[in-house]
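Only one structure is covered here, and it is reproduced in the block below.
In my numbering, the protein residues as written are 1 to 254.
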């Protein structure tokens with residue numbers, strides 16, 4: 001099975017705090033992989049390291065077989081490693097369509113010129129409409145992003161991520177703040193995107209265990225910056241140490 005994303009001995013320190021401690025992580029092709037751990041486990045730091053927000057103090061990051069450790073965040077995004085954020089991150093005053101269109105211009109960067117009218121970019125516009133159809137937001141395309149529901153904003157974030165033609169998608173607590181109905185809709189949509197081959201490589205940070213077990217094929221567990229378990233979803237969820245870490249909020253001796 002081909003590796004899509006791999007980290008080797010990833011270390012990040014903030015003063016005396018060791019945020020990630022020699023983290024080895026692999027996302028294989030055609031896999032949804034969960035990344036879990038109690039608050040302070042290092043999940044967000046790990047995402048920031050692999051997407052170029054932070055530079056690691058030690059270790060390397062490989063994406064599609066290429067060493068991307070030293071690349072900037074924008075360069076990593078253009079290579080197809082794209083993330084959403086825990087706090088909803090959209091352009092609130094722009095329409096749903098324009099939010100996705102801006103991301104799509106990243107995916108079609110070689111065809112985009114600042115000196116041409118955006119209406120002439122047929123490939124870009126068709127791509128945006130296709131994504132909005134896939135995500136079931138086409139009926140909201142002209143609405144301002146801050147005037148749609150929280151659930152639809154979360155779907156819009158996924159649409160924005162898909163706009164840049166990702167090869168791998170990193171979701172950061174996509175169901176945070178959603179109702180049970182909205183959560184079900186989002187989970188169903190992620191399932192559909194994966195099953196239909198739209199995006200086949202996904203890492204998912206999620207605190208809702210039902211969501212996690214319903215989506216993830218494998219799970220990696222972080223605790224105080226260290227990997228304490230990595231394997232098939234059921235095996236990880238049944239692990240006594242993993243259960244204890246969750247019940248106690250972290251830091252359990254081996």
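By construction, the Cβ of each residue, glycine as well, lies at the ideal position given by its N, Cα and C atoms. All values reported here derive from a predicted model rather than from experimental measurement.
Check whether the Cβ atoms of residue 212 and residue 202 sit closer than 8 Å, and answer yes or no. Their beta carbons are not under 8 Å apart, which means residue 212 does not touch residue 202 by this criterion.
Tell me whether the region 159-172 and the region 75-84 touch, counting them as touching only if at least three CB pairs, one residue from each stretch, are closer than 8 Å. Taking 8 Å as the limit for Cβ pairs, the verdict is that the region 75-84 does touch the region 159-172.
How big is the Cα-Cα spacing for residue 46 and residue 150? Computed Cα separation, rounded: 26 Å.
Taking 8 Å as the cut-off, does the region 133-151 touch the region 91-100 (at least 3 CB pairs, one atom from each stretch)? Contact holds: three or more Cβ-Cβ distances are below 8 Å.
Between which two residues does the beta strand (DSSP E) carrying residue 201 extend? Run containing residue 201: 201-205, per the beta strand (DSSP E) assignment.
Report the CB separation of residue 15 from residue 216 in whole angstroms; it is logged as a contact under 8 Å. Not confirmed; about 33 Å, so no contact.
Tell me whether the region 50-58 and the region 230-247 touch, counting them as touching only if at least three CB pairs, one residue from each stretch, are closer than 8 Å. Not touching, per the Cβ criterion.
Can you look up residue 228 in the DSSP assignment and give me helix, strand or coil? Of the three classes helix, strand and coil, the one that applies to residue 228 here is strand, per DSSP.
Pop quiz: residue 56 and residue 10 are said to be a contact at Cβ under 8 Å. What is the actual Cβ separation, rounded to whole angstroms? Right, their Cβ atoms sit about 5 Å apart.
Which residue's Cα is closest to the Cα of residue 83: 126, 161 and 225? Closest by alpha carbon: 161.
Just to confirm, does residue 122 get its C-beta within under 7 Å of one of the non-hydrogen atoms of the ligand NAD? You won't find the ligand NAD in this model; it holds no ligand whatsoever.
Between the Cα of residue 209 and those of 173, 191, 189 and 126, spot the shortest distance and give me the residue it belongs to. Residue 173 is the option with its Cα nearest to residue 209.
Answer yes or no: do residue 8 and residue 42 have a C-beta to C-beta separation smaller than 8 Å? No, these two residues do not count as a Cβ contact at 8 Å.
Just to confirm before moving on: does the CB-CB distance between residue 128 and residue 101 stay below 8 Å? Yes, these two residues count as a Cβ contact at 8 Å.
Using only CA atoms, which one of 13, 5 and 3 lies nearest to residue 224? Checked all of 13, 5 and 3; the closest Cα to residue 224 is 13.
Please state whether the Cβ-Cβ distance between residue 29 and residue 200 is less than 8 Å. The Cβ atoms of residue 29 and residue 200 lie closer than 8 Å to each other.
How big is the Cα-Cα spacing for residue 136 and residue 103? Residue 136 and residue 103: Cα-Cα distance of roughly 18 Å.
Since residue 34 sits in a beta bridge, which residues does DSSP pair it with? 204 and 219, per the DSSP bridge assignment.
DSSP puts residue 28 in a beta bridge; with which residues? In DSSP, residue 28 forms a bridge with 3.
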